[in-house]
Amino acid sequence: MDYREAFAISATGMNFEKQRLDAAAANLANMHATTGPDGARYRPLRVVAATPSTSFAAAFGQQSPGVAALGVHGVRLELVDSPPRMVHDPGHPHADANGMVAFPGVDHVSEMVTLNSALRSYQANVVAMNAAKAMALKALEIGSGK
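As structure tokens, then:
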């Protein structure tokens, strides 16, 4: 595996984790919104990656899959069909006849765990990219004969 492949793998991982951070932040920002601009209730977002299409042997050098086959691919944003979170608040302008307000089905704890996990994974990809960069620089230094 050359260094370009290591950089590409880390870059796709960082892109995926950034999208997870963005989706979790949007979910947390809208968890208290009763309706959106279109009048519908906000639906939480999830970022999903496809299963890798390369084999274990191909990913670790016994075969040559090429740079395009490595890393995180097939990333898509999905709307989650979760039941609304019902809160008793008779004074709320969107309360029903029983005083219940329907908020989006966003779980605050789950979103915070997602934020923390995505942040740590992003940091791990940065560390891996920096390690690959350091190895490439060291290889150039060794190759120059100094």
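This note's numbering applies: residue 1011 is where the sequence shown begins, and numbers increase by one. Just so you know, even glycine gets a beta-carbon here, dropped at the ideal spot from N, CA and C. It should be emphasised that the depicted structure is a prediction, and the values quoted were computed from it without experimental measurement.
Which residues does DSSP list as the beta-bridge partners of residue i?
i       : result
Ala1105 : Looking at the DSSP assignment, Ala1105 forms no beta bridge with any residue, so it has no partner.
I need the DSSP call for residue i, collapsed to helix, strand or coil.
i       : result
Arg1014 : helix
Met1041 : coil
His1083 : coil
Arg1130 : helix
If we cut at 7 Å on Cβ distances, does residue i have a partner in chain D?
i       : result
Pro1094 : Given the protein chain composition of this structure (a single chain), no chain D is represented.
Give a yes or no on whether the C-beta atoms belonging to residue i and residue j are separated by under 7 Å.
i       : j       : result
Ala1107 : Asp1099 : no
Ser1092 : Pro1047 : no
Thr1022 : Gly1081 : yes
Taking only the alpha-carbon atoms, compute the straight-line gap between residue i and residue j and give it to the nearest angstrom.
i       : j       : result
Ala1146 : Tyr1013 : 7 Å
Ala1039 : Leu1150 : 47 Å
Phe1113 : Glu1015 : 44 Å
Exercise. Is there contact here, the stretch 1114-1131 with the stretch 1024-1033, by at least three beta-carbon pairs under 8 Å?
Worked result: A contact between stretches requires three or more CB pairs, one per stretch, nearer than 8 Å, and the stretch 1114-1131 meets this requirement with the stretch 1024-1033.
For this session: Decide yes or no for the touch test of the stretch 1132-1141 against the stretch 1108-1124: beta carbon pairs closer than 8 Å, at least 3 of them.
Result: The stretch 1132-1141, when compared against the stretch 1108-1124, does not touch it at the 8 Å Cβ threshold.
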